[in-house]
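Colleague:
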Amino acid sequence: MSVQPRHPVKVPVCVYAPDDADGRASALGFGDRILCQHVPTWEADDRFHHADGDVALILSDDGRCTPLGVASVSTALRRPGSALPTRSTQVYLRPGHESRLGELVASLVDTEGTELWIRPENQQMIHLIQRRWPAAYNCRRLHLMLTELPVDTEPLATRALDPSNPEDVAAVVRVNNSAFAEHPDQAGMTAESVQKKLRELGHSAEGVRLAIIDGVVNGFCWTQIHHDRSLGEISVIGLHPDVHGRGLGGPMTAAGLRWLHDQGLRQAILYVEAHNEPAVRSYHRLGFVTVHDDVSWMIPGGAPGAEAGP
Ligand SMILES: CC(C)(COP(=O)(O)OP(=O)(O)OC[C@H]1O[C@@H](n2cnc3c(N)ncnc32)[C@H](O)[C@@H]1OP(=O)(O)O)[C@@H](O)C(=O)NCCC(=O)NCCS
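Written out as structure tokens, the structure is:
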């Protein structure tokens, strides 16, 4: 599996890129099945962003593959024994090596600025970040929301995306780039990135529901099914701004939820920016409840302050 992180790292690390949920769980638990590869520096131009697996760094003690700690950035990881994923930056250290927390986190930070997801209750990490990088600031807050399936709301009529039809793909790009013009993750979609996202989601384009509103494709809902099929996910839902404010957000989401339910899923989750009031209200109406929040801290580029210990 190829891993293309953007960040050059400052300490020797090993990269772990699990192929499946089972491998991931054993890696996080420091089990026997850790797969790792020693990578002294990273020069690639991509972000830590992998729909095909979560990325962890394993701090190497000796330049070989002695795992002392595991960390991951900006991914939705599932902790062993936990029913729901979390988008927090996960950091695990072997007992006796806790003093290396700062070093491990520092290995994630690069000169261009780094976004770390930290659960609000993880005070140890927050204190570490604030001490070591005084310029760090709160950047985003996401609700992880969950609902049981099916939901009562009548869905919009939808059809599947046909990825071989350039008009369909262009419609998705048009709606996406209008609906998410300012969004940090979602803006700037291209025909190529539609195809890439389809490959990452790992199921057929049937799970991408398109709604014809006012005679054209003006809405979509991308769904996702987790590896172990325990959860469905609304990966992204958007309406063209021309049709906002007409009460269609809930029914558009319900169309994705209906598809997930038809695939046998009994629960669905989604992540939403806490300040996105129309979206949050739509989801509440559908029966979604907030399970927890994930908050991101931005460590600005070139902010060293690295002399303080962990
Ligand atoms: C989020 C989105 C799907 C909501 O759909 P919508 O059709 O515009 O919204 P609705 O008309 O269904 O309104 C939903 C609720 O938000 C409220 N609302 C609408 N605009 C609002 C605004 N600007 N500020 C606060 N509340 C607002 C409505 O009153 C309604 O509340 P209610 O359910 O209590 O009556 C749509 O705005 C959209 O595509 N936005 C851009 C993409 C996006 O943010 N997607 C969600 C990512 S998770």
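When you line the sequence shown up against the numbering used here, it's residues 3 to 312, in that order. Just so you know, even glycine gets a beta-carbon here, dropped at the ideal spot from N, CA and C.
(1) Between the alpha carbons of L200 and R161, how many angstroms are there, rounded?
(2) Since P157 is in the alpha helix (DSSP H), which residue starts that stretch and which ends it?
(3) Is D244 closer than 9 Å to D216 when the C-beta atoms are compared?
(4) State buried or exposed for Y285, treating a residue as buried only when at least 16 other CB atoms are found within 10 Å of its CB.
(5) Taking its Cβ as the centre, do 16 or more other Cβ atoms sit within 10 Å of R134, making it buried, or is it exposed?
(6) Applying the 10 Å Cβ sphere with the 16-neighbour rule, what's the burial state of A173?
(7) Considering only the beta carbon of each residue, do L1 and L267 sit closer than 9 Å?
(8) Expressed to the nearest angstrom, what Euclidean distance is found between the alpha-carbon atoms of V17 and R248?
(9) By a C-beta neighbour count over all protein chains shown, 10 Å radius and 16 as the cutoff for buried, is G251 buried or exposed?
(10) Is the beta carbon of P157 closer than 9 Å to that of V196?
(11) Rounded to whole angstroms, what's the CA-CA distance from I131 to H145? Just pull it up for me.
(12) Applying the 10 Å Cβ sphere with the 16-neighbour rule, what's the burial state of P168?
Modeller: Once the coordinates are examined:
(1) 16 Å
(2) Element bounds for P157: n/a, residue is neither H nor E.
(3) yes
(4) buried
(5) buried
(6) buried
(7) The requested residue 1 does not occur in the structure, where the chain is confined to residues 3 to 312.
(8) Legend: pLDDT at V17 = 37, less than 50; position of this residue unreliable, no value from coordinates given.
(9) buried
(10) no
(11) Near 22 Å, if we compare the C-alpha coordinates of H145 and I131.
(12) exposed
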